[in-house]
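Asks:
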Amino acid sequence: MKKFFATLAIVVLVASLITSMTVMASSSASQVSKKKTPGAQATVNASRKETPKAHGNQNNQNKNQPVHYSGIIAASSATSLTLTLENQSTVDFMIDSNTQIKIPSLGNSATTGNLIVGQKVTIRAMKNESGTLVALSISVVPGKPILVHRVGIVTEYTPAVTITIMDKYGKTFTFLLTDQTKILPADRADKLVVGSFVTIICPRDVTGGSLTATGIVVHPANVEPTETVEGTYTETPTPTITETPTETPTETATIPAI
Amino acid sequence: MSVNDEIYILQAGDFKQSVPLVEGSNVLEIVVSDTSGNEIDQIVTVYYEPVQE
Numbered sequence: 000m001k002k003f004f005a006t007l008a009i010v011v012l013v014a015s016l017i018t019s020m021t022v023m024a025s026s027s028a029s030q031v032s033k034k035k036t037p038g039a040q041a042t043v044n045a046s047r048k049e050t051p052k053a054h055g056n057q058n059n060q061n062k063n064q065p066v067h068y069s070g071i072i073a074a075s076s077a078t079s080l081t082l083t084l085e086n087q088s089t090v091d092f093m094i095d096s097n098t099q100i101k102i103p104s105l106g107n108s109a110t111t112g113n114l115i116v117g118q119k120v121t122i123r124a125m126k127n128e129s130g131t132l133v134a135l136s137i138s139v140v141p142g143k144p145i146l147v148h149r150v151g152i153v154t155e156y157t158p159a160v161t162i163t164i165m166d167k168y169g170k171t172f173t174f175l176l177t178d179q180t181k182i183l184p185a186d187r188a189d190k191l192v193v194g195s196f197v198t199i200i201c202p203r204d205v206t207g208g209s210l211t212a213t214g215i216v217v218h219p220a221n222v223e224p225t226e227t228v229e230g231t232y233t234e235t236p237t238p239t240i241t242e243t244p245t246e247t248p249t250e251t252a253t254i255p256a257i
Numbered sequence: 000m001s002v003n004d005e006i007y008i009l010q011a012g013d014f015k016q017s018v019p020l021v022e023g024s025n026v027l028e029i030v031v032s033d034t035s036g037n038e039i040d041q042i043v044t045v046y047y048e049p050v051q052e
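Just so you know, the protein sequences line up as chains L and D, in that order. Residue numbers for the first sequence follow numbering that gives the first Met the number 0, so the first one is 0 and each next one is one higher. Residue numbers for the second sequence follow numbering that gives the first Met the number 0, so the first one is 0 and each next one is one higher.
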């Protein structure tokens, strides 16, 4: 399939994440400015609607253009899928050999056999000549991101083999390293040694087994904890959660013309 | 910040980051953390449907 690349500017959406994190970190956090981009707001809203009508794409059906549906799988087989929308109505889709199955954790190897009743999915579909909705793609929406971040001081490091860090609570984590493990930023890669302050990006641990680091971010020396002695990590001031955000984060995104 | 498998180093405050989209639905798994170990994540689905002439 021909891929299109567009530029998506995630402005206040991501800033809202930071805003929430800032509230976690400090009760006296300064207010973060909020931006609104009307056109982009519609884009984000669209991603949260469960019906094509709410998505604003119903007219596309008349133009024989793809329509997006979002909901929960009620039934699934190799040739069909029934989706329960947010309004509890159901929609049936035909699955054929051209239907793409997208599951983040499985990459390109996902098949209809990986679709499970109860999963949240988005479906891009188009009516065929007989009026049957044919699924062009079925994308599983995971409950949590695959990756997590771990922050700490490097206590052991063997390049391209393993790295062990100790977090601010004194808990240690060991990760496998490969040639594919990114060390960022590139100009600080050579600063990665025992004692470095780093963030490890790694898969979420669901098995209890060894984890392979996807990336390592080496932080500059000036953000390291002030007192660090080998084996006796002294944590920075612990963030205190003392208040709850009262505003709904404003989210905007823009998709410039291609 | 990581968006799916991509890692971005950002400065504190407001920021923006461009990510590539493919036609149809795009599930963006966004994880943001700071050097204190705070972490927050969000999954956003963005639809990209090119205009057909």
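Virtual Cβ for every residue (Gly too), placed ideally from N, Cα, C.
Using a beta-carbon distance below 8 Å, is L/G194 in contact with chain D?
Replies: L/G194 does not count as touching chain D.
Asks: Cutting at 7 Å between CB atoms, please list the residues of its own chain near D/V45, excluding the five before and the five after it.
Replies: Closer than 7 Å at the Cβ level, and outside the excluded window around D/V45, lie L20, N25 and L27.
Asks: Using a C-beta to C-beta distance shorter than 7 Å, which residues of chain L count as neighbours of D/Q51?
Replies: Within chain L, the residues near D/Q51 are Q64.
Asks: Please confirm whether L/S75 has its beta-carbon closer than 8 Å to some beta-carbon of chain D.
Replies: Answer no: the Cβ-Cβ gap between L/S75 and chain D never drops below 8 Å.
Asks: Less than 8 Å between the CB atoms is what I'm expecting for L/P144 and D/V30, so what's the real figure, rounded?
Replies: The Cβ separation is near 5 Å, so the contact holds.
Asks: Using a Cβ-Cβ cut-off of 6 Å (strictly less than) and excluding sequence neighbours within five positions of D/I42, which residues of its own chain qualify?
Replies: Once the five neighbours on either side are set aside, the close Cβ partners of D/I42 are E28.
Asks: Which residues in the same chain as L/A124 place their Cβ atom closer than 7 Å to its Cβ, once the five residues preceding and following it in sequence are excluded?
Replies: Result list for L/A124: P65, V66, Y68, F92, L132, V133, A134 and L135, in chain order.
Asks: Reducing DSSP to helix, strand and coil, say where D/D40 ends up.
Replies: Note: D/D40 maps to strand in three-state DSSP.
Asks: At least one CB of chain D closer than 8 Å to the CB of L/V116: is that the case?
Replies: Chain D, which has no Cβ nearer than 8 Å to the Cβ of L/V116, makes this no.
Asks: Is any beta-carbon of chain C found at less than 8 Å from that of L/S96?
Replies: Among the protein chains of the structure shown, namely L and D, there is no chain C.
Asks: For the segment 152-161 of chain L against the segment 112-130 of chain L, do three or more pairs of beta-carbon atoms, one drawn from each stretch, fall closer than 8 Å, so that the two count as touching?
Replies: Not touching, per the Cβ criterion.
Asks: Between L/V271 and chain D, is any beta-carbon pair separated by less than 8 Å?
Replies: Absent from the model: residue 271 of chain L. The displayed extent of chain L is 0 to 257, so no value can be given.
Asks: With H, G and I counted as helix, E and B as strand and the rest as coil, what does DSSP make of L/I123?
Replies: Before going on, a small fix: residue 123 of chain L reads as Arg here, not Ile. Here L/R123 sits in strand by DSSP.
Asks: Going along the chain, which residues of its own chain have a beta-carbon closer than 6 Å to the beta-carbon of L/T198, five neighbours each way excluded?
Replies: Contacts found: H148, V150 and V216.
Asks: For D/E22, I'd like the list of residues in its chain whose CB is within less than 8 Å of its CB, leaving aside the five on either flank, ordered along the chain.
Replies: Correct list, in chain order: Y47, E48 and P49.
Asks: What do you get for D/S35, buried or exposed, if any count of 16 or more other CB atoms within 10 angstroms of its CB means buried?
Replies: So D/S35 counts as buried.
Asks: When the Cα atoms are used, what is the spatial distance from L/L80 to L/K170?
Replies: The alpha-carbon atoms of L/L80 and L/K170 are separated by roughly 45 Å.
Asks: I need the DSSP call for L/A220, collapsed to helix, strand or coil.
Replies: In this structure, L/A220 counts as helix in the three-state DSSP scheme.
Asks: Answer yes or no: does any C-beta atom of chain D fall closer than 8 Å to that of L/T36?
Replies: With a pLDDT of 40 at L/T36, under the threshold of 50, the predicted position of this residue should be treated as unreliable, though the coordinate-derived value follows. No, because no Cβ of chain D sits closer than 8 Å to the Cβ of L/T36.
Asks: Rounded to a whole number of angstroms, what is the C-alpha to C-alpha distance between L/K181 and L/C201?
Replies: Computed Cα separation, rounded: 11 Å.
Asks: Any idea what DSSP makes of D/T34, helix, strand or coil?
Replies: Residue state, collapsed to three classes: coil.
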